[in-house]
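The sequence shown begins at 4 in this note's numbering and counts up by one. Note that beta-carbon positions come from the ideal geometry of N, C-alpha and C, so glycine has one too. Remember, it's a predicted structure, so these values are computed and weren't measured experimentally.
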Amino acid sequence: MVIVGAGFGGLNAARALASAPVQITVIDRKNHHTFQPLLYQVATAGLSPGEIASPIRSILSRHKNVEVLMAEVTGFDLERRVVKTPELQIPYDYLIVAAGSSHAYFGHDDWELFAPGLKTIEDALEIRRRVLLAFELAERQAAAGRASDPVNFVVVGAGPTGVELAGTLAELSRHALAHEFRSIDTGRTHILLVEGGPRVLPAYAEDLSRSAQEQLQRLGVEVRTSAMVTKVEAGAIHIGGTHMQATVVLWAAGVAASPLGKKLDQPLDRAGRVLVQPDLSLPHHAEVFVIGDLASVKDKNGEMLPGVAPVAIQQGRFVAQLIRSEIELRSNTPPAARAAFHYWDKGSLATIGRAAAVAEFGKIHISGFIAWLAWLFVHILFLIGFRNRLLVFIQWAWSYVTYERGARLITGSTSLPGWTELRPEHSEHAEVASHEIR
Ligand SMILES: Cc1cc2nc3c(=O)[nH]c(=O)nc-3n(C[C@H](O)[C@H](O)[C@H](O)COP(=O)(O)OP(=O)(O)OC[C@H]3O[C@@H](n4cnc5c(N)ncnc54)[C@H](O)[C@@H]3O)c2cc1C
Numbered sequence: 004m005v006i007v008g009a010g011f012g013g014l015n016a017a018r019a020l021a022s023a024p025v026q027i028t029v030i031d032r033k034n035h036h037t038f039q040p041l042l043y044q045v046a047t048a049g050l051s052p053g054e055i056a057s058p059i060r061s062i063l064s065r066h067k068n069v070e071v072l073m074a075e076v077t078g079f080d081l082e083r084r085v086v087k088t089p090e091l092q093i094p095y096d097y098l099i100v101a102a103g104s105s106h107a108y109f110g111h112d113d114w115e116l117f118a119p120g121l122k123t124i125e126d127a128l129e130i131r132r133r134v135l136l137a138f139e140l141a142e143r144q145a146a147a148g149r150a151s152d153p154v155n156f157v158v159v160g161a162g163p164t165g166v167e168l169a170g171t172l173a174e175l176s177r178h179a180l181a182h183e184f185r186s187i188d189t190g191r192t193h194i195l196l197v198e199g200g201p202r203v204l205p206a207y208a209e210d211l212s213r214s215a216q217e218q219l220q221r222l223g224v225e226v227r228t229s230a231m232v233t234k235v236e237a238g239a240i241h242i243g244g245t246h247m248q249a250t251v252v253l254w255a256a257g258v259a260a261s262p263l264g265k266k267l268d269q270p271l272d273r274a275g276r277v278l279v280q281p282d283l284s285l286p287h288h289a290e291v292f293v294i295g296d297l298a299s300v301k302d303k304n305g306e307m308l309p310g311v312a313p314v315a316i317q318q319g320r321f322v323a324q325l326i327r328s329e330i331e332l333r334s335n336t337p338p339a340a341r342a343a344f345h346y347w348d349k350g351s352l353a354t355i356g357r358a359a360a361v362a363e364f365g366k367i368h369i370s371g372f373i374a375w376l377a378w379l380f381v382h383i384l385f386l387i388g389f390r391n392r393l394l395v396f397i398q399w400a401w402s403y404v405t406y407e408r409g410a411r412l413i414t415g416s417t418s419l420p421g422w423t424e425l426r427p428e429h430s431e432h433a434e435v436a437s438h439e440i441r
């Protein structure tokens, strides 16, 4: 059996089949599993990458029937039952494709350079680099005697990722950095959250959207709804017809299914997700399953299942159970009727900042500190590995008391798209040249 992708769906399928009489190959292009719900903490310097990601090999090391291959899957031959990578062709009897999703720039892929999205550890480190660098460049410019505008962040998209990024950027600038810069006042940082739709957190109930917006505003975030981004360029953004300077733009507006979905040669929905049968298999290929963010599945009310971790986890376990029972029957032909997948929605949680969150458990709606505690509990509980759970808990307790964000490292390039270092006017550091940094 081959599993493509060791995200929430793939890992849970592999673990649920660990003791079954089946040889499993898990293929992922990364060597680590990323706990995406905490990526924003890496992007805003609250946590380090190793605290939210673990090597796939080590997660699965106890399961002797599981082999891990780090490789990019490039295609499939469904007739010959083969998964293709540049170096290898790997045969299977059963295949689970759980390759997740990526960013969507709605046909403007050139915006990505100026407005990175948040999906991988690399993305989080790039965002962290830009955010921290913005303050350093502003400080250097001010120290050189040139007054500069306050640092200005624009976050595009007010879904859970945009909301948590904007809220945490506000805390970073108002608290964690407040007493560390001498020439700029980081408390004057402007954070704008732009949303095309009429409200923030559109997937949540209206009262929670309102509460989330109020909590954001209390943190000092400007929220602009029903506002369409029409262009992103180096150091600037166009919202509707208005052009505005932006020190850093972050993209949290669109999700598209992994391009690997197309390689299955099956009908896709508008977001590029694969249309699967109720048992999550492909039509005419009962031995191939697609799960998680890559699968297009509706619930019993005809609503599309959301791209969230619990859906991927439950689908991974469901398919594993289905395969296990077929193997135990020792039959090569699947039974005529398989059970359909049903999602058990245990509720949704979105964090906004320190002691600020919203939670929706059916008719029960909670905001503020209690919602934040629930969010904290769930996210620590589901982190992979005891070590990570302990480390993250300690980090959080520490930063709750001290407001510190300990992972404030700028690594890699020291240039920021669109940043122009201005010539010092009144400074004795006159040798500091005026030049475009990128
Ligand atoms: C910033 C962010 C915050 C989120 N917050 C939450 C949250 O708070 N709560 C929540 O429930 N959900 C959240 N989600 C959504 C959740 O993370 C996804 O729904 C979930 O990860 C989907 O699981 P998956 O297994 O389908 O895909 P993923 O977990 O994305 O895993 C896909 C795997 O496939 C691998 N892969 C992709 N293409 C290839 C290829 N060609 N070859 C080999 N390997 C490949 C990738 O490396 C990856 O390891 C968040 C997502 C993001 C990006």
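- Query: How many Å lie between asparagine 391 and glycine 53 at the Cα?
  - Reply: One-based indexing of the sequence shown puts residue 391 at position 388. One-based indexing of the sequence shown puts residue 53 at position 50. Taking the straight line from one Cα to the other gives about 8 angstroms.
ask   = Where does alanine 19 fall in DSSP's three states?
value = Along the sequence shown, read from residue 1 onward, the residue named residue 19 stands at position 16. It is helical.
Do the segment 252-262 and the segment 292-306 meet, that is, are 3 or more Cβ pairs less than 8 angstroms apart?
yes
Give the DSSP-derived three-state secondary structure of valine 300 in the structure shown.
What you label residue 300 is simply residue 297 of the sequence shown in a count that begins at 1. Reduced to three states, the DSSP call for valine 300 is coil.
For methionine 4, count the other beta carbons within 10 Å of its own beta carbon; 16 or more makes it buried, fewer makes it exposed. Which is it?
Residue mapping note: residue 4 aligns to position 1 of the sequence shown, counting from 1. It counts as buried.
The segment 233-243 / the segment 167-175 touching (three or more Cβ pairs under 8 angstroms):
no
- Message: Could you give the first and the last residue of the continuous beta strand (DSSP E) run that contains glycine 165?
- Response: By 1-based counting over the sequence shown, the position of residue 165 is 162. Run containing glycine 165: none in the beta strand (DSSP E); it sits in the alpha helix (DSSP H), 163-174.
### Query
So does valine 7 have its beta carbon nearer than 7 angstroms to some heavy atom of ligand 1?
As a position in the sequence shown, residue 7 is number 4, starting the count at 1. Valine 7 Cβ: within cutoff of ligand 1.
Can we count histidine 288 as close to ligand 1, meaning its CB is less than 7 angstroms from some heavy atom?
Residue 288 sits at position 285 when you count from the first residue of the sequence shown. No.
Below 8 angstroms between beta carbons: does that hold for glycine 110 and alanine 256? If you number the sequence shown from 1, residue 110 lands on position 107. If you number the sequence shown from 1, residue 256 lands on position 253. In this structure, alanine 256 does not lie closer than 8 angstroms to glycine 110 by Cβ.
**Message:** Classify isoleucine 367: buried if its beta carbon has 16 or more other beta carbons within 10 angstroms, exposed otherwise.
**Reply:** Here residue 367 is taken as the residue at index 364 of the sequence shown, counted from 1. Exposed.
Quick one: measure Cβ to Cβ for valine 100 and leucine 278, integer angstroms, because I've assumed they're closer than 8 angstroms. What you label residue 100 is simply residue 97 of the sequence shown in a count that begins at 1. What you label residue 278 is simply residue 275 of the sequence shown in a count that begins at 1. Their Cβ separation, rounded to whole angstroms, is 13 angstroms, which puts valine 100 and leucine 278 out of contact at 8 angstroms.
- prompt: Between which two residues does the alpha helix (DSSP H) containing serine 212 stretch?
  reply: As a working note, residue 212 is residue 209 in the sequence shown. Segment 209-222, the alpha helix (DSSP H) holding serine 212.
Taking isoleucine 55 and leucine 42 to be in contact with their CB atoms under 8 angstroms, please state how far apart those CB atoms are, rounded to whole angstroms. For the purposes of this step, residue 55 is taken as residue 52 along the sequence shown, with counting starting at 1. For the purposes of this step, residue 42 is taken as residue 39 along the sequence shown, with counting starting at 1. Rounded, the Cβ-Cβ distance is 7 angstroms, consistent with contact.
Practice problem: With a threshold of 7 angstroms, establish whether the CB of isoleucine 291 neighbours any heavy atom of ligand 1. | Solution: Looking up residue 291 in the sequence shown gives position 288. A small correction: the amino acid at residue 291 is valine; isoleucine does not occupy that position in the sequence shown. Incorrect: valine 291 has no Cβ contact closer than 7 angstroms to ligand 1.
Spatial distance of glutamate 439 from alanine 17 (CA atoms) | Locating residue 439 in the sequence shown gives position 436, counting from the first residue. Locating residue 17 in the sequence shown gives position 14, counting from the first residue. With a pLDDT of 39 at glutamate 439, under the threshold of 50, the modelled position of that residue is not reliable, and the figure given next carries that caveat. Rounded to the nearest angstrom, the two C-alpha atoms are 50 angstroms apart.
Straight-line Cα distance separating alanine 206 from serine 370:
Along the sequence shown, read from residue 1 onward, the residue named residue 370 stands at position 367. Along the sequence shown, read from residue 1 onward, the residue named residue 206 stands at position 203. So the alpha carbons of these two residues sit roughly 15 angstroms apart.
Item to check | Unbroken beta strand (DSSP E) run spanning proline 281, endpoints | outcome: Here residue 281 refers to the residue found at position 278 of the sequence shown. First-last for proline 281: undefined, no H or E at that position.
Check: Is glutamate 442 near ligand 1, going by C-beta to nearest heavy atom under 7 angstroms?
Finding: Since the first and last residues shown for the chain are 4 and 441, residue 442 lies out of range.
**Study point:** Euclidean distance between Cα positions of asparagine 68 and glutamine 26
**Key:** Along the sequence shown, read from residue 1 onward, the residue named residue 68 stands at position 65. Along the sequence shown, read from residue 1 onward, the residue named residue 26 stands at position 23. Going by the C-alpha atoms only, they are around 5 angstroms apart.
Exercise for review: For alanine 127, I'd like the list of residues in its chain whose CB is within less than 8 angstroms of its CB, leaving aside the five on either flank, ordered along the chain.
Suggested key: To locate residue 127, count along the sequence shown from 1; it is residue 124. If we look at alanine 127 and ignore the five residues flanking it on each side, its Cβ neighbours are Leu42, Tyr43, Val45, Ala46, Pro52, Leu121.
Thinking C-alpha only, which one of Ile355, Gln318, Phe396 is nearest threonine 164? For the purposes of this step, residue 164 is identified with residue 161 of the sequence shown, where counting begins at 1. Ranking Ile355, Gln318, Phe396 by Cα distance to threonine 164 puts Ile355 first.
Can you tell me whether glutamate 198 is buried or exposed, with buried defined as 16 or more other CB within 10 angstroms of its CB? The residue you call residue 198 lines up with position 195 of the sequence shown. Buried is the call here.
Checklist entry - Taking three-plus beta-carbon pairs below 8 angstroms as touching, is the segment 132-149 in contact with the segment 402-415? => result yes
Please report how far the alpha carbon of serine 176 lies from the alpha carbon of valine 251, in whole angstroms. Mapped onto the sequence shown, residue 176 falls at position 173. Mapped onto the sequence shown, residue 251 falls at position 248. Using only the alpha carbons, I get a separation of about 14 angstroms.
* Asked: How long is the line joining the alpha carbons of histidine 288 and valine 86, rounded to whole angstroms?
  -> For this step, residue 288 is matched to residue 285 along the sequence shown. For this step, residue 86 is matched to residue 83 along the sequence shown. So the alpha carbons of these two residues sit roughly 14 angstroms apart.
Checklist line | Limits of the alpha helix (DSSP H) - the one that asparagine 391 falls within | finding: Your numbering for residue 391 matches position 388 in the sequence shown. Element bounds for asparagine 391: 389-405.
Contact set for glutamine 280: own chain, Cβ-Cβ below 7 angstroms, skip 5 residues either direction = Taking the sequence shown and counting its residues from 1, the one referred to as residue 280 is at position 277. Taken in chain order, the residues that qualify are Pro286.
Let me know if proline 427 comes out buried or exposed under the rule of 16 or more other beta-carbons within 10 Å of its beta-carbon. Within the sequence shown, the letter at position 424 stands for residue 427. Model confidence at proline 427 stands at a pLDDT of 48, short of 50, so the residue's coordinates are unreliable; what they give is reported in the following sentence. Result: buried.
* For phenylalanine 11, which residues from the same chain have a beta carbon less than 6 angstroms from its beta carbon, with the 5 sequence-adjacent residues on both sides left out? -> If you number the sequence shown from 1, residue 11 lands on position 8. The answer, listed in chain order, is Ala312, Ala315, Ile316.
Would you say leucine 29 and valine 71 are within 8 angstroms of each other, going by their C-beta atoms? If you number the sequence shown from 1, residue 29 lands on position 26. If you number the sequence shown from 1, residue 71 lands on position 68. Here the sequence assigns valine to residue 29, which means leucine is not the residue at that position. Contact: yes.
When you compare only the Cα positions, how much space is there between serine 229 and leucine 196? For the purposes of this step, residue 229 is taken as residue 226 along the sequence shown, with counting starting at 1. For the purposes of this step, residue 196 is taken as residue 193 along the sequence shown, with counting starting at 1. The straight-line gap from Cα to Cα measures roughly 11 angstroms.
Leucine 91 and alanine 74 - do their beta-carbons sit closer together than 8 angstroms?
For the purposes of this step, residue 74 is taken as the residue at position 71 of the sequence shown. For the purposes of this step, residue 91 is taken as the residue at position 88 of the sequence shown. It is a contact, given that the beta carbons lie within the stated cut-off.
Quick check on DSSP: helix, strand or coil for proline 270?
For the purposes of this step, residue 270 is taken as the residue at position 267 of the sequence shown. Residue state, collapsed to three classes: coil.
Less than 7 angstroms separating the Cβ of proline 58 from some heavy atom of ligand 1?
Reading the sequence shown from its first residue, position 55 is the one you call residue 58. No - ligand 1 has no heavy atom lying nearer than 7 angstroms to the Cβ of proline 58.
- Item | the segment 339-353 touching the segment 202-218, judged by at least three CB pairs closer than 8 angstroms | yes
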